[in-house]
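**Q** The letter at position 16 of the sequence shown is residue 15 when you use numbering that gives the first Met the number 0, and the numbering goes up by one with no holes.
Just so it is clear, CB atoms sit at the ideal spot from N, CA and C, and this is done for glycine as well.
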Amino acid sequence: MKGARIFLGVTGGIASYKAAALTSTLVQRGAIVDVVLTPEAERFVGALTFSSLTARPAYVSLWDMPERIPHIRLVREADVAVVAPATANVIAKLAHGIADDLLTTALLAARIPVVLAPAMNDAMYAHPATRENLATLRARGYEFVDPERGYLAEGETGVGRLASEDRILEAIARVLARRRSLAGKRVAITAGPTREAFDPVRFVSNASTGAMGIALAREAALRGASVTLLLGPTLLEPPAGVEVVRVTTACDLYDAALAQAAGTDLIIASAAVADWRPESSSESKVKKTDADLVVRMVRNPDVLAALGERKGTSFLVGFAAETDDHERNAREKLARKRLDAIAVNDVRDGRGFGTGENALALLWGTADRRDLGAGDKSALAARLLDAVEELMGCS
Ligand code: CTP
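#1: State buried or exposed for residue 55, treating a residue as buried only when at least 16 other CB atoms are found within 10 Å of its CB.
#2: Thinking residue 160 and residue 149 are a contact (beta carbons under 8 Å), I'd like their distance in whole angstroms, please.
#3: Please confirm whether any heavy atom of ligand 1 lies closer than 7 Å to the CB of residue 319.
#4: Have a look at the DSSP bridge pairing and note the partners of residue 377.
#5: Is the region 273-283 in contact with the region 293-303, if contact means three or more CB pairs nearer than 8 Å?
#6: Grab me the residues of residue 110's own chain with a C-beta within less than 7 Å of its C-beta, minus the 5 sequence neighbours each way, in chain order.
#7: Who are the near neighbours of residue 326 in its chain, counting only those whose CB is closer than 7 Å to its CB and skipping five residues on each side?
#8: Looking only at C-alpha atoms, which of 201, 263, 205, 123 sits nearest to residue 228?
#9: Measure the Cβ-Cβ separation of residue 80 and residue 113 and say whether it is below 8 Å.
#10: Would you mind working out which of 193, 89, 295, 334 sits nearest residue 395, comparing C-alpha positions?
#11: If you measure from the CB of residue 208, is any heavy atom of ligand 1 nearer than 7 Å?
#12: Mind checking residue 330: buried by the 16 CB within 10 Å criterion, or exposed?
#13: Less than 8 Å between the CB atoms is what I'm expecting for residue 191 and residue 248, so what's the real figure, rounded?
#14: Would you mind listing the beta strand (DSSP E) stretches within the region 136-161 that are 3+ residues and don't spill past its ends, in chain order?
#15: According to DSSP, is residue 38 part of a helix, a strand, or is it coil?
#16: Starting from residue 15, trace the alpha helix (DSSP H) in both directions and tell me its first and last residue.
#17: Is residue 51 helix, strand or coil when you go by DSSP?
#18: In the structure shown, what three-state DSSP assignment does residue 212 receive?
#19: List the endpoints of the continuous beta strand (DSSP E) containing residue 296.
#20: Name, in chain order, the residues that DSSP records as bridge partners for residue 399.
#21: Tell me which residues share the same chain as residue 96 and place their Cβ nearer than 7 Å to its Cβ, disregarding the 5 neighbours each side in the sequence.
#22: Span of the alpha helix (DSSP H) holding residue 108?
#23: Hey, which unbroken runs of the beta strand (DSSP E) at 3 residues or more fall wholly within the region 177-253?
#24: Quick one: residues in its chain with C-beta nearer than 7 Å to the C-beta of residue 189, no 5 flanking neighbours on either side, listed in chain order?
#25: Once DSSP output is grouped into helix, strand and coil, what is the label at residue 277?
#26: Under 7 Å Cβ to Cβ from residue 30, same chain only, skipping five residues before and after it: list those, please.
#27: Any idea if residue 15 is buried or exposed, counting beta-carbon neighbours within 10 angstroms, 16 or more meaning buried?
#28: From which residue to which residue does the alpha helix (DSSP H) around residue 122 run?
#29: Report, in whole angstroms, the separation of the C-beta atoms of residue 306 and residue 260, which I expect to be a contact under 8 Å.
#30: Just tell me which of 375, 383, 393 has its CA closest to the CA of residue 135.
#31: Between which two residues does the beta strand (DSSP E) holding residue 321 run?
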């Protein structure tokens, strides 16, 4: 923690008194802490408490500071933003991009990892609106220190109590350890499906949404890498701070990936590339007749195998989506495509594709493996990059 710059947001729940103890511990461990309170938090604990603990100003309002854009400076200078406690209200605002006070305005401008420690009444925590907002933020890469079951200020027992200080500190330390670990590295990631058109309105594709690749791109950017995301058609938003190259077909992806490859330190191929495309695509919509239709499919180039042939010094990681004989099939791909490592996932029964969750293992060498466990795709992206960085010798 020594020398780490921490942006601490405090929102208006009864647990906000615990943020004062957290601030004191962070300062004692050598962190430089900038505290921003919401006006509601200030009703529970005064800004003076925090400015006394940090020996720095504690802010409440956008209009406190004489400078022009204080919210940008505060988050730009920090290594990590933490909101403890995070109320249902601030979680809802963050999920919807509402910026109506200094804290939410600063967090909307944040390009740094954000750790949220929710605390609220158990019924509010369980409400479908809160669950949806939490899922939205998780999918965008926010980290959570989940609340605990215990005594709530209403005199009831339930899940909603702010996580212990130790758990919050642990999460902050974990995020700080990852920060800058890929600084100066160039990373290219292929993600999403490809679409192989048969006519202007019909195509062959698959159920990939690109969520895993998007999570990897976001995580690599948070670690300081300069990231290019080669992204197939998807409704998901690519992360901020990443260069995005949109592709449609496997052939587009092939051209874009080969153009990127030189000088790239790490290439991760998470795209679900269509292996075949219709031999020809009609310029105008094919009108239906009573007859059956036969479409001849021809092979698409294997983007990853082509990268393997030309990879030079870049570290190449593939994905294997398997339904049977997972590790044997994945190891065969590892060797055949000349990869440095391959992440294998089980896609039986619709798992992996189009869901927020996944389960992965990373394989390399002839028999090495690391189980990355199951979890949401942002957590898995972080674990995958931890393992890859070790293999690349960055950390
Ligand atoms: N891949 C690729 N280009 C292709 C096909 C696959 O770049 N035309 C990449 C994927 O991005 C993934 C890896 O190769 O990283 C494995 O993809 P997968 O479809 O599981 O393997 P295939 O080699 O196509 O083998 P099979 O379909 O027989 O399982």
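**A** Judging by the given coordinates:
#1: For this step, residue 55 is matched to residue 56 along the sequence shown. That one is exposed.
#2: Walking along the sequence shown from the start, residue 160 turns up at place 161. Walking along the sequence shown from the start, residue 149 turns up at place 150. Contact holds; Cβ gap of about 4 Å.
#3: Residue numbering aside, residue 319 sits at position 320 when the sequence shown is read from its first letter. Yes; taking the cut-off as 7 Å, the Cβ of residue 319 has a heavy atom of ligand 1 nearer than that.
#4: On the sequence shown, position 378 is the one that residue 377 refers to. According to DSSP, residue 377 bridges with nothing at all.
#5: yes
#6: In the sequence shown, residue 110 corresponds to position 111, counting from 1. Closer than 7 Å at Cβ, skipping near neighbours: 239, 240.
#7: Residue numbering aside, residue 326 sits at position 327 when the sequence shown is read from its first letter. Once the five neighbours on either side are set aside, the close Cβ partners of residue 326 are 343, 362.
#8: The residue you call residue 228 lines up with position 229 of the sequence shown. Checked all of 201, 263, 205, 123; the closest Cα to residue 228 is 263.
#9: If you number the sequence shown from 1, residue 80 lands on position 81. If you number the sequence shown from 1, residue 113 lands on position 114. Yes, these two residues count as a Cβ contact at 8 Å.
#10: Residue 395 is absent from the structure shown; the chain starts at 0 and stops at 394.
#11: Residue numbering aside, residue 208 sits at position 209 when the sequence shown is read from its first letter. It does not: the Cβ of residue 208 is nowhere closer than 7 Å to a heavy atom of ligand 1.
#12: Position 331 of the sequence shown, counting from 1, holds the residue named residue 330. With 16 or more other Cβ atoms within 10 Å, it is buried.
#13: Looking up residue 191 in the sequence shown gives position 192. Looking up residue 248 in the sequence shown gives position 249. That belief does not hold up - the Cβ atoms of residue 191 and residue 248 are roughly 12 Å apart, past 8 Å.
#14: As far as the region 136-161 is concerned, its whole beta strand (DSSP E) runs of at least 3 residues are 147-150, 156-160.
#15: The residue given as residue 38 occupies position 39 in the sequence shown. Helix at residue 38.
#16: Numbered from 1 along the sequence shown, position 16 holds the residue referred to as residue 15. Looking at the DSSP string, the run of the alpha helix (DSSP H) that includes residue 15 is 15-27.
#17: For this step, residue 51 is matched to residue 52 along the sequence shown. In this structure, residue 51 counts as helix in the three-state DSSP scheme.
#18: If you number the sequence shown from 1, residue 212 lands on position 213. Of the three classes helix, strand and coil, the one that applies to residue 212 here is helix, per DSSP.
#19: Start at 1 with the first residue of the sequence shown, and residue 296 comes out as number 297. Per DSSP, residue 296 belongs to the beta strand (DSSP E) from 296-298.
#20: The chain is shown only over 0 to 394; residue 399 falls outside these bounds and no answer can be derived.
#21: Residue numbering aside, residue 96 sits at position 97 when the sequence shown is read from its first letter. Cβ neighbours of residue 96 beyond the five flanking positions: 107.
#22: In the sequence shown, residue 108 corresponds to position 109, counting from 1. Careful: residue 108 lies outside any alpha helix (DSSP H) and carries neither H nor E.
#23: 185-190, 195-198, 201-203, 225-230, 242-245
#24: Within the sequence shown, the letter at position 190 stands for residue 189. For residue 189, where only same-chain residues beyond five positions count, the Cβ hits under 7 Å are 212, 229, 252, 256, 268, 269, 270, 302.
#25: Stepping through the sequence shown from its first residue, residue 277 is reached at position 278. In the structure shown, residue 277 sits in a strand (DSSP, three-state: E or B).
#26: Here residue 30 refers to the residue found at position 31 of the sequence shown. For residue 30, where only same-chain residues beyond five positions count, the Cβ hits under 7 Å are 0, 3, 5.
#27: Counting from one through the sequence shown, the residue named residue 15 turns up at place 16. Counting Cβ neighbours within 10 Å, residue 15 comes out buried, since at least 16 surround it.
#28: What you label residue 122 is simply residue 123 of the sequence shown in a count that begins at 1. It spans 121-125 - the alpha helix (DSSP H) in which residue 122 sits, taken as one unbroken run.
#29: By 1-based counting over the sequence shown, the position of residue 306 is 307. By 1-based counting over the sequence shown, the position of residue 260 is 261. Sure, about 6 Å apart at Cβ, within 8 Å.
#30: If you number the sequence shown from 1, residue 135 lands on position 136. Minimum Cα distance to residue 135 is reached at 375.
#31: Looking up residue 321 in the sequence shown gives position 322. Residues 314-321.
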